[in-house]
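Residue 38 is where the sequence shown starts when you use this note's numbering, and the numbers rise one by one after that. These notes are about the structure you will find just below.
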Amino acid sequence: MNEPLGLLGTPHINFLTLVVIGGLVGWISGIFLSVRHWAVTNMLIGVIGSWAGSELAVFLGFVIYGSFNHLFAALAGAIVVLYIWQMLYQRL
38 MNEPLGLLGT PHINFLTLVV IGGLVGWISG IFLSVRHWAV TNMLIGVIGS
88 WAGSELAVFL GFVIYGSFNH LFAALAGAIV VLYIWQMLYQ RL
C-alpha cells in the first residue's frame with residue numbers, strides 16, 4: 038500500500054458505495070429492461086452485480102478504488118448480472 042487511500046479506499050466506504058451503486062443501478066436497469074420483478078429484487082441483483090464487477094476489475098489488475106473506475110466497474114457488473122437474471126427468469 039504505497040499510495041494514500043482516499044475516502045473510497047476504506048473498506049467500509051467501499052462496501053457502502055457498492056450497495057448504493059448496485060441498488061440504484063438495479064432499480065433503474067429494472068425499469069429500462071422491463072424486468073418483471075419487485076424493485077427490491079432488482080436492487081439486490083444490482084448489488085451482487087456491482088460487487089462482482091468490482092471484484093472482476095481487481096482480478097484483472099485494474100486499479101479501481103478511490104476513482105471513477107470503481108463506479109464504472111460496479112455499474113457494468115450490475116447491468117450484466119441483471120440482464121443475465123432477466124434471461125434466466127424468462128426461460129422459467
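By construction, the Cβ of each residue, glycine as well, lies at the ideal position given by its N, Cα and C atoms.
CB contact flag (residue i, residue j, <8 Å)
i	j	result
alanine 110	glycine 86	no
serine 66	isoleucine 121	no
leucine 112	valine 62	yes
leucine 53	leucine 119	no
Residue from the options whose Cα sits closest to the Cα of residue i
i	options	result
valine 56	Trp122, Phe69, Met80 and Leu125	Met80
Inter-residue spacing [alpha-carbon to alpha-carbon] between residue i and residue j
i	j	result
leucine 108	isoleucine 58	7 Å
leucine 97	phenylalanine 105	17 Å
isoleucine 82	alanine 94	18 Å
threonine 78	glutamate 92	21 Å
tryptophan 75	isoleucine 68	11 Å
glutamine 123	glycine 60	16 Å
glycine 43	phenylalanine 99	Here the model assigns glycine 43 a pLDDT of 47, short of 50, so the residue's position is not dependable, and the following value carries that caveat. Computed Cα separation, rounded: 17 Å.
tryptophan 64	tryptophan 88	16 Å
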